[in-house]
Amino acid sequence: MSLKYKPVYNDITYIVAKAIEKRSFKNIDHLIVPRLDLKKYLCDHGIPSSKISVIPNGVDTELFRPDPDIVKENIILFVGRGTVAKGFDTLIQATKYLEKGIRVVAVVTRVEKKLYWLGKKAGIEFIFNLTHQELAKIYQRSKIFILPSLDEVQPLTVLEAMASGLPVITTPVGSGGIVEHEKNGFIVPLKSPKELGETVNMLIQDNALVDKIGKRNREITEKKYSWNTITQRYINIYRMLVGEHVQKTAI
503 MSLKYKPVYN DITYIVAKAI EKRSFKNIDH LIVPRLDLKK YLCDHGIPSS KISVIPNGVD
563 TELFRPDPDI VKENIILFVG RGTVAKGFDT LIQATKYLEK GIRVVAVVTR VEKKLYWLGK
623 KAGIEFIFNL THQELAKIYQ RSKIFILPSL DEVQPLTVLE AMASGLPVIT TPVGSGGIVE
683 HEKNGFIVPL KSPKELGETV NMLIQDNALV DKIGKRNREI TEKKYSWNTI TQRYINIYRM
743 LVGEHVQKTA I
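Reminder that position 251 of the sequence shown reads as 753 in the numbering used here, one-by-one numbering, no gaps.
Here's what the structure looks like:
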């Protein structure tokens, strides 16, 4: 989405990307985006609404699921790249506001060198390159999922956490519209380590609230984001497009 995310490009790259993107738009039969605001954005750039469908990302609810036999620990879990864009610097700063006994575990594919050493100094436990099965077990052991990102489209990690029965703490732009404040998680302002730490402390002391939100998130993912549900929506669109193609060739 180069047109939407201009800040990540320099001027020349943006101009080239914009030209390529516009040319690509002319040749599409149909576009699928995960959020309604992205559809509106594309419509504003000349793509007919009838050519755009909104289908959210999906998650494997069989793999990522709660396990009642696993005792949860006071683990605050971060999954993703350890970068400023993912708000990892904010997470590091938030550790000084956390109460004693709270473990911060970061499952990362990569991490910026400076943030790695700052994170180690702050007591963050790093785990690298887990398999999906190993990651699912970490979700099950954790109590809260945290993603203080500066920008996201619709992160799979949030869906994995929700499917695993975890409440989510994120930013206004960190969940792609999946998390609603005080309904299935908590939203804190961007780059606000103190608010982040205080929200963690509040939630981790209230096991009943953790369980309530966790169960709600599991129900939400089973109903709206399971691969069975999402796959069927894709199939319906493909059938529609095939039908339109058959009609055109028959004329």
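Every residue, glycine too, gets a C-beta built ideally from N, C-alpha and C.
All values reported here derive from a predicted model rather than from experimental measurement.
In the three-state reduction of the DSSP assignment, Ala665 falls in the helix class, which pools H, G and I. From the listed residues Arg643, Gly584 and Gly625, the smallest Cα separation to Asp571 is found for Arg643. Asp591 counts as buried, since no fewer than 16 other beta carbons sit within 10 angstroms of its beta carbon.
Between Asn559 and the set Thr733, Gln749 and Lys750, the nearest pair of CA atoms involves Thr733. Around the beta-carbon of Thr751, fewer than 16 other beta-carbon atoms lie within 10 Å, marking it exposed. Selection Asn719, Ile739, Asp713 and Arg741 evaluated against Val573 yields Asp713 as nearest (Cα-Cα). One alpha carbon belongs to Leu593, the other to His547, and they sit about 36 Å apart. Under DSSP, Arg735 forms no beta bridge with any residue. For Ala608, the beta-bridge partners assigned by DSSP are Phe580 and Phe628. The Cβ atoms of Val610 and Phe630 sit closer than 8 Å to each other.
Per DSSP, the continuous alpha helix (DSSP H) segment holding Phe590 begins and ends at Phe590 to Ala596. Val702: member of the alpha helix (DSSP H) spanning Pro695 to Ile706, first to last residue.
For Phe527, the CB contacts under 6 Å within the same chain, skipping 5 residues up- and downstream, are Ile549 in chain order. Here the stretch 655–665 makes contact with the stretch 579–590; the two share three or more CB pairs at distances below 8 Å.
Assigned with DSSP and collapsed to three states, Ser651 falls in coil, not helix or strand. Per DSSP, the unbroken alpha helix (DSSP H) holding Gly621 starts and ends at Lys615 to Lys623.
In the DSSP assignment, Val690 falls outside any beta strand (DSSP E) and carries neither an H nor an E. Segment contact: the stretch 512–524 against the stretch 722–740, fewer than three CB-CB distances shorter than 8 Å; contact not assigned.
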